[in-house]
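Written out below as structure tokens is the structure these notes cover.
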Amino acid sequence: MHSIFSVINDLQENSACHYIDVLPKRIAGDDFFALEEYLLETCLHDFAKSISGIVIKLIHYYPAQIYLTELDADVEFEYAARVGEDLRSIPLPELSEIITHVILRDISSVQIALGNEPYTIISINGHFSVDIYNASDECLDLLKMLTQQEGLFLKLA
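Sequential numbering from -17 applies to the sequence shown in this note's numbering.
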């Protein structure tokens, strides 16, 4: 049996990718970097709160495994000892804190395996990077509703 991390890596490499964004369409040109800087300074905290809310709702619709990964040894983080553990059973405020911290500090990632095999993978990688792999049509419909509820956009990569 493959470890969940092997399954996550395989799906990230070989599945269609959707992502959650603050903008309804891609922006091309030199203005993108100025906008990105502005959004990082003014909108990142709200984005983190929204993503945390989406995840907390999703894990009540689907069985889930949740992992904190890739934390550098020199990073001080209250939950560093939990890297590689399934965090699904921790209290929701703590889960929200972990997700928010990863987004705001861009220090790690949170990998969420939703459902049963074949899993849907949500990869929260810091800042505005939230990718969804191998999502069923049903899961995508729910994600679209939840992102719209938060004023965000679900897009196909």
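For each residue, glycine too, the CB sits at the ideal point set by N, CA and C.
Per DSSP, the bridge partner or partners of residue i
i, result
"His0", "Ile114 and Leu138"
"Thr141", "Since the first residue of the chain shown is -17 and the last is 139, residue 141 is not available in this structure."
Reduced DSSP category for residue i - H, G, I as helix; E, B as strand; rest coil
i, result
"Ala46", "strand"
"Val92", "strand"
"Ser71", "coil"
"Ser32", "helix"
"Ile106", "strand"
"Met(-17)", "Only weak support is given to the placement of Met(-17): the predicted model assigns it a pLDDT of 36, under 50, and the value that follows is read from those uncertain coordinates. It is coil, neither helix nor strand."
"Leu21", "helix"
"Lys7", "coil"
"Asn98", "coil"
"Ile141", "For residue 141 there is no data in the structure shown, the boundaries of the chain being -17 and 139."
C-alpha distance - residue i paired with residue j, whole-angstrom precision
i, j, result
"Tyr1", "Ser32", "14 Å"
"Glu18", "Arg87", "16 Å"
"His99", "Tyr115", "It should be noted that the sequence gives Glu, not His, for residue 99. Those two C-alpha atoms are separated by around 13 Å."
"Lys7", "Leu(-7)", "25 Å"
"Gly108", "Ile89", "7 Å"
"Cys(-1)", "Ala139", "6 Å"
"Ser71", "Gln130", "27 Å"
"Thr82", "Glu52", "16 Å"
"Ile104", "Glu58", "24 Å"
Check whether residue i and residue j have beta carbons under 7 Å apart
i, j, result
"Ile94", "Ile36", "no"
"Ala46", "Ile85", "no"
"Leu122", "Lys39", "no"
"Tyr44", "Gly97", "yes"
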